[in-house]
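For reference, the structure discussed in these notes is given below.
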Amino acid sequence: MKGIPKQSYSLLHIREHAFCFPIVIGMHFAFCLLLWSCKEESGQAGKRKAVFIIVDGISADVIEKLNPPALEEISKAGGYTRAYVGGEKGTYTETPTISAVCYNSLLTGTWVHKHNVWGNNIKDPNYHYPDIFRIAEEYNPQLKTAIFSTWTDNRTKLIGEGLPQTGEIQLDYQFDGLELDTVKYPHDDHSDYIHRIDEAVAADAARYIQENGPDLSWVYLQYTDDMGHRFGNSEKFYEAIRTADTQVGKVWEAIKFRENKFSEDWLIVVTTDHGRDSINGRHHGGQSDRERLTWIVTNADSLNERFNQTPGVVDIMPSLANHLQIPIPEEVKKEIDGVPFIGEADFADLKAERKGSEIILTWKALSGDKESRAEVFITETNHFKEGGTDNYRKVGEVEIKEEEYTIEVRNGSFYKILMKGPNHCVNAWVVQ
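In structure tokens form, the structure reads like this:
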């Protein structure tokens, strides 16, 4: 794909600039430096902020075919890669390639066997696995959060705003629920009202981000999936993608404005929630390669080797946390299925296979200090699922470069294995 390399590291580094103006004529230059330092400490220049955008239902092969200009420009500042949803086929992590299911995998960094959102009805989310908004708010209640979305369910059910189970989290700004306004957006058989809602969502996201610069934002655009369901692989679908790219471009322009005016350090991650079937492109939900095939575009200039390994949608949450420098609580960190593709990462693709009285662990060592060692822990409980704590016992250490480790076990039917490296954790289950 011209302009958006299929496996790309950072291509362009955005430099920050800080400007200082004397308040009193003749003021000493050292005082100007002091003012600049205070601005840094007050969280203005250099302050880290992030926005992630989900453009619904576009497989990676279509993005590579159309080469949308806004996504191309963002990728030149960071990178583009193919990605995947759906967990690991045929295992305990297998996850339906359905919209709300995949949104929650992004938000929580876990597959469906943990977050428990199996469909768009969002019947019974397991809020013991917190999302990135809750982690951010609990770390620093002063952080400003925002959501721009067609569906109110993204805020009220997935994030769980105001619910006791989520600590009654409240986002600082929301622009959603427009699908409920049938006067301004009368529903029609051609989904034109969804197109107009997406236009309003993108416009308000760009306006609010430019004017207020929230610390963490989620933008959701739906129209592309509607056109995919109606027309499949067609010019109608492709035109909807070009329109969505223009909408993404508005948010990108707002980010560049903030960077230039305030010298803030912005991360944008654009992705999709699922691909499409290989027959005619009208459906999704299964485990075919094309339904699982997604993509990630970002301006991040600190991408690691994980970004080049077809990351999963679950990798986005810990990557956002790394950019924002938000520490994930230790017990939550043990449960995250994703590996950050921003910053330092140690290993990925941990697998655990039971063979008689042994569990064979395998993984992929990532670049960096491969001489580092990882600690290996095991537990036979899953109390975290109910809000409790699992008592892991350490069974040994291993050099990360070895990429294999064997654990002797008894005749249990369930094990959680945790590998803890210098920079993050990865876990795997053995389920009989």
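Be aware that the sequence shown starts at 16, since it is given in my numbering, and climbs by one per residue.
Even glycine gets a Cβ: it sits at the ideal position worked out from N, Cα and C.
Remember, it's a predicted structure, so these values are computed and weren't measured experimentally.
Measure the alpha-carbon distance for residue i versus residue j and round it to whole angstroms.
i	j	result
Lys-366	Ala-443	6 angstroms
Trp-51	Asn-275	Note that Trp-51 scores a pLDDT of 38, beneath 50, so its modelled location is shaky and nothing firm can be said.
Gly-243	Val-263	18 angstroms
Asp-316	Lys-62	16 angstroms
Tyr-144	Val-66	21 angstroms
Ala-380	Glu-395	26 angstroms
Lys-416	Ile-294	41 angstroms
Trp-281	Lys-199	34 angstroms
Tyr-253	Arg-291	13 angstroms
Gly-427	Lys-348	25 angstroms
Glu-153	Leu-231	13 angstroms
Pro-156	Glu-423	44 angstroms
Ser-120	Val-328	7 angstroms
Thr-181	Glu-226	29 angstroms
Thr-123	Trp-233	13 angstroms
Glu-183	Asp-71	28 angstroms
Asp-219	Asn-397	42 angstroms
Pro-111	Arg-305	13 angstroms
Ala-92	Ile-283	10 angstroms
Ser-387	Asp-213	47 angstroms
Ile-73	Arg-149	28 angstroms
Pro-83	Val-445	42 angstroms
Val-354	Ala-363	6 angstroms
Glu-279	Glu-250	39 angstroms
Ser-382	Phe-356	12 angstroms
Leu-247	Leu-81	This sequence places Gly at residue 247; Leu is not what is there. If you take the alpha carbons of Gly-247 and Leu-81, they lie about 15 angstroms apart.
Ala-161	Tyr-208	23 angstroms
Asp-405	Ile-256	45 angstroms
Gly-411	Glu-418	14 angstroms
Pro-229	Lys-159	5 angstroms
Val-448	Ile-374	Because the chain spans 16 through 447 in this model, residue 448 falls outside it and cannot be assessed.
Gly-41	Gly-358	With a pLDDT of only 36 at Gly-41, under 50, the local geometry of the prediction cannot be trusted, and no value is derived from it.
Ile-38	Gln-189	Confidence in Ile-38 is poor, its pLDDT being 31 and thus under 50, which makes the residue's placement unreliable; the coordinate value appears in the next sentence. Looking at the two C-alpha atoms, the distance is approximately 38 angstroms.
Going by DSSP, what residues sit across from residue i in a beta bridge?
i	result
Ile-69	Tyr-235, Thr-286
Ala-380	Phe-362
Arg-425	Looking at the DSSP assignment, Arg-425 forms no beta bridge with any residue, so it has no partner.
Tyr-95	Val-312
Trp-444	Lys-431
Tyr-162	The sequence given here has Ile at residue 162, not Tyr. Ile-162 is bridged to Gln-189, Trp-233.
Lys-370	Glu-373
Thr-394	Lys-431
Lys-64	Trp-281
Val-413	Ala-389
Ile-357	Leu-318
Tyr-420	Leu-376
List the whole-angstrom C-beta distance separating residue i from residue j, where the pair is believed to meet the contact cut-off of C-beta under 8 angstroms.
i	j	result
Ile-270	Ile-224	7 angstroms
Asp-361	Ala-336	Actually they are not in contact, since the Cβ atoms of Asp-361 and Ala-336 sit about 16 angstroms apart, beyond 8 angstroms.
Leu-265	Ala-215	It should be pointed out that residue 265 corresponds to Lys in this sequence rather than to Leu. About 11 angstroms; that fails the 8 angstroms criterion.
Gly-408	Ile-393	In the sequence as displayed, the identity of residue 408 is Arg instead of Gly. About 6 angstroms; that satisfies the 8 angstroms criterion.
Thr-167	Asp-196	Contact doesn't hold; Cβ gap of about 11 angstroms is too wide.
Gly-94	Thr-258	Wrong, their Cβ atoms sit about 24 angstroms apart, outside the cutoff.
Ile-78	Tyr-118	Ile-78 to Tyr-118, Cβ: 19 angstroms. No contact.
Asp-260	Ala-85	5 angstroms
Ile-89	Trp-267	6 angstroms
Tyr-238	His-210	5 angstroms
Asp-240	Ser-114	7 angstroms
Ile-351	Pro-333	6 angstroms
Ala-151	Leu-339	7 angstroms
Say yes only if the C-beta of residue i is nearer than 6 angstroms to one or more non-hydrogen atoms of the ligand MN, and no if none qualify.
i	result
Leu-339	The ligand MN is not part of the structure shown, which contains no ligands of any sort.
Open item on the list: Suppose only complete runs of 4+ residues qualify. What are the alpha helix (DSSP H) ranges in the segment 195-272, listed by chain order?
Closed with: 207-227, 238-246
TODO: With a floor of 3 residues, list each beta strand (DSSP E) that falls wholly inside the segment 287-326, ordered by position along the chain.
DONE: 308-313
- [ ] Determine contact between the segment 321-336 and the segment 298-305, defined as no fewer than three beta-carbon pairs at a distance below 8 angstroms.
- [x] no
Open item on the list: Tell me whether the segment 195-212 and the segment 130-140 touch, counting them as touching only if at least three CB pairs, one residue from each stretch, are closer than 8 angstroms.
Closed with: no
Task: Touch test, the segment 172-180 against the segment 137-155, Cβ-Cβ under 8 angstroms, three pairs minimum - done: yes
Open item on the list: So, does the segment 431-443 touch the segment 334-351, judging by three or more C-beta pairs under 8 angstroms?
Closed with: yes
Task: the segment 300-314 / the segment 99-118 touching (three or more Cβ pairs under 8 angstroms) - done: yes
Task: Continuous beta strand (DSSP E) assignments of at least 3 residues falling wholly in the segment 97-179 - done: 160-163
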